[in-house]
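Report on the structure given below.
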Amino acid sequence: MKLIIIIALAIGLLLLVRRRLIYVDLTFPWFVALVVLGIASIFEDFVATVAGILGIHFEPLSVVFIAIFILLAIITTLLISVTAIRRRQIDIVRTIAMSHLAAQERSQSVGEDRNT
Amino acid sequence: MTRKDKNTLVYVPVFNDFAVIEQIVEDIRGVLPSVTVLLIDDGSTKGPFAASSVKNALHVRLPSNYGIGVCTHVAFDHAIIHEYDFVCRVDADGQHPVEHLSDMLQILSEQGADLVVGARIAIGSNLQPDPILRRWVRAYFSVCARLLTGNSVLKDVNTGFFALNIGAVRRLNTYQLERYPEPQLFVRAARIGLKMKLHSIERRDRLFGSSSLGLWAALKMVYRFNVLVLSEIMQRSER
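From first to last, the protein sequence lines stand for chains A and B. Taking this note's numbering, the leading residue of the first sequence gets 21, the next gets one more, and so forth. Taking this note's numbering, the leading residue of the second sequence gets 9, the next gets one more, and so forth.
Below, the structure written as structure tokens:
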């Protein structure tokens with residue numbers, strides 16, 4: 021059942037990408053998260069091992085920590101992507117502004133030439 | 009017309025403060041008749057601002073509000089492409105005494121400074137006093153900037169009134185400037201060893217509008233400044 025849920029999530033993700041609702045590069049952290057969740061759900065020992073490493077006595081609680089870690093990883097990756105997109109957007113805005121101003125600068129210098 | 013004026017670009021970032029913009033352009037032209045004035049409308053929401061109606065000025069409108077950092081990049085890009093020698097910044101709210109521009113340009117050309125900072129000092133009793141929080145924040149910025157760079161010029165790192173030569177423009181344009189870029193600009197300039205000079209100007213009340221800096225924006229500005237200081241501490245001097 022656990023595996024089916026993971027596969028269903030993966031198919032859902034694939035459909036979103038296929039319909040171009042999500043840019044494929046941005047789905048990578050989601051994909052990694054699904055793999056981690058898949059491992060966590062298939063191998064019972066995985067949760068126990070994580071609980072052992074983190075010193076958690078109530079083993080199922082380690083799933084919460086894994087989920088928080090995955091969420092933070094996804095948020096960080098998305099922040100990096102959004103920052104990169106914003107930087108590219110600013111570059112485009114600067115380029116457009118330059119082309120607007122170049123035309124005005126040209127017309128101004130033509131006017132100056134005529135006056136002289 | 010002097011060569012110094014002719015090769016100077018004065019840029020004015022505008023965001024919803026259009027009331028006195030024509031007056032400011034006129035004042036600039038009164039002091040320096042041959043400079044090129046560049047109005048950068050940072051995606052004003054109240055308007056439409058007819059920048060094109062302002063005579064004797066270049067104008068560009070950004071598609072949305074990107075902040076003064078992007079406006080500064082646009083002005084710097086333009087100055088580099090069209091080979092201006094000097095670039096000055098003036099705010100659109102009438103706070104800056106533009107009659108000081110010629111003195112600032114003189115300091116750049118004759119004293120060999122790379123960057124002249126127009127530091128505001130309160131003269132006269134008719135001025136509205138700054139809120140205490142703003143004064144504390146300014147003092148904190150100033151102390152941190154001076155401790156970090158060892159540069160005593162950095163007394164007012166929030167002023168938007170400055171002038172710089174094209175060499176400084178080229179070097180500072182390589183950094184990604186933030187929404188309120190003044191502290192970043194001055195600290196970087198000091199860290200990369202640009203020759204900076206202080207030019208005292210009288211602080212004036214705004215002729216129009218109010219500060220775009222609310223409490224939330226101010227908190228973000230302090231946060232951003234602290235990040236800047238920490239990253240500068242971690243980075244070795246690039247001088």
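Backbone N, C-alpha and C fix where the C-beta goes; we use that ideal spot for every residue, glycine too.
When you compare the CB of TYR74/B with every CB in chain A, is at least one pair closer than 9 Å?
So yes, TYR74/B belongs to the interface.
Are the beta-carbon atoms belonging to LEU180/B and ARG196/B less than 9 Å from one another?
Yes, these two residues count as a Cβ contact at 9 Å.
Counting only Cβ pairs nearer than 9 Å, list the residues of chain B close to LEU121/A.
What LEU121/A touches in chain B: LEU46, LEU66, HIS67, VAL68, VAL82, ASP85, HIS86, ILE89, HIS90.
What is the residue span of the alpha helix (DSSP H) that PRO191/B lies within?
PRO191/B -> alpha helix (DSSP H) spans 190-199.
In angstroms, rounded to a whole number, what distance separates the CA positions of SER101/A and VAL237/B?
So the alpha carbons of these two residues sit roughly 25 Å apart.
In angstroms, rounded to a whole number, what distance separates the CA positions of ASN166/B and GLY126/B?
Distance between the alpha carbons of ASN166/B and GLY126/B: 10 Å.
With a threshold of 9 Å between beta carbons, is PRO189/B in contact with chain A?
False, the Cβ-Cβ gap to chain A never drops below 9 Å.
Quick one: what's VAL20/B bridged to in DSSP?
According to DSSP, which records beta bridges pairwise, VAL20/B is partnered with LEU47/B.
What number of angstroms, rounded off, separates the C-alpha of LEU98/A from the C-alpha of GLY38/B?
Their Cα atoms are separated by approximately 50 Å.
Listed in chain order, which residues of the region 39-57 of chain A have Cβ atoms closer than 9 Å to some Cβ of chain B?
Within the region 39-57 of chain A, no residue has a Cβ that lies closer than 9 Å to any Cβ of chain B.
State the DSSP-derived secondary structure class of ALA65/B, mapped to helix, strand or coil.
Strand.
When DSSP builds the beta bridges, which residues end up paired with ASN173/B?
Answer by DSSP bridge pairing, in chain order: PHE94/B.
Expressed to the nearest angstrom, what Euclidean distance is found between the alpha-carbon atoms of VAL82/B and ALA53/A?
Between VAL82/B and ALA53/A, the C-alpha separation is close to 40 Å.
Report the neighbours of VAL78/B on chain A: residues whose CB is nearer than 8 Å to its CB, in chain order.
Those are ILE110, VAL113, ARG114, listed as they occur along chain A.
Measure from the C-beta of PRO21/B to each C-beta in chain A and report whether the shortest distance is under 9 Å.
Judged by the 9 Å Cβ criterion, PRO21/B is not in contact with chain A.
Thinking just about the alpha-carbon of each residue, which of GLY120/B, ARG97/B, ASP85/B, VAL106/B is nearest to the one in MET118/A?
With distances taken between Cα atoms, MET118/A lies closest to ASP85/B.
Going straight from the alpha carbon of GLU91/B to that of TYR231/B, what length do you get?
Approximately 36 Å, taken between the alpha carbons.
To the nearest angstrom, report how far apart ILE31/A and THR47/A are at their CA atoms.
Going by the C-alpha atoms only, they are around 12 Å apart.
Does ALA117/A have its Cβ less than 9 Å from a Cβ in chain B?
Closer than 9 Å to some Cβ of chain B, the Cβ of ALA117/A qualifies, so yes.
State yes or no: is the beta carbon of GLN184/B nearer than 9 Å to at least one beta carbon in chain A?
Output row for GLN184/B: interface = yes.
Please check if any C-beta of chain B sits within less than 9 Å of the C-beta of GLU125/A.
At least one chain B Cβ lies under 9 Å of GLU125/A.
Classify MET9/B: buried if its beta carbon has 16 or more other beta carbons within 10 angstroms, exposed otherwise.
Caution applies to MET9/B, whose pLDDT of 44 falls short of 50 and renders its modelled position unreliable; the model cannot decide the point.
State the CB to CB distance for the pair CYS96/B and ALA171/B, rounded to an integer number of angstroms; the pair is presumed to be in contact (CB under 8 Å).
That belief holds up - the Cβ atoms of CYS96/B and ALA171/B are roughly 4 Å apart, short of 8 Å.
In angstroms with no decimal places, state the Cα-to-Cα distance between ARG38/A and ASP45/A.
Taking the straight line from one Cα to the other gives about 13 Å.
Which of the three DSSP states, helix, strand or coil, is assigned to GLY58/A?
Here GLY58/A sits in helix by DSSP.
Taking only beta-carbon atoms, is PRO71/B less than 9 Å away from chain A?
Yes, PRO71/B counts as interfacial toward chain A.
For ASN159/B and ALA198/B, what's the separation of their Cα atoms in angstroms?
Cα to Cα, the separation comes out at about 7 Å.
Run the CB neighbour count on GLY120/B, radius 10 Å, all protein chains shown included, and call it buried at 16 or more, exposed below.
Answer is exposed; the Cβ neighbour count stays below 16.
Taking buried to mean at least 16 other C-beta atoms within 10 Å of its own C-beta, is LEU34/A buried or exposed?
So LEU34/A ends up on the exposed side.
Find out if the Cβ-Cβ distance for the pair PHE85/A, ILE76/A is shorter than 9 Å.
Going by C-beta atoms, PHE85/A is nearer than 9 Å to ILE76/A.
What does a CB cutoff of less than 7 Å around VAL98/B pick up in its chain, not counting 5 residues either side in sequence?
The residues are VAL18, VAL20, ILE32, ILE36, HIS104, VAL106, PHE169.
In the DSSP assignment, find the alpha helix (DSSP H) that holds MET242/B and state where it starts and stops.
Looking at the DSSP string, the run of the alpha helix (DSSP H) that includes MET242/B is 223-242.
For TYR183/B, tell me which candidate among LEU116/B, LEU47/B, VAL78/B has the shortest Cα-Cα distance.
Ranking LEU116/B, LEU47/B, VAL78/B by Cα distance to TYR183/B puts VAL78/B first.
Could you round the C-beta distance between ASP50/B and TYR74/B to whole angstroms and report it? I think they count as a contact, below 8 Å.
Correct: roughly 6 Å between the Cβ atoms.
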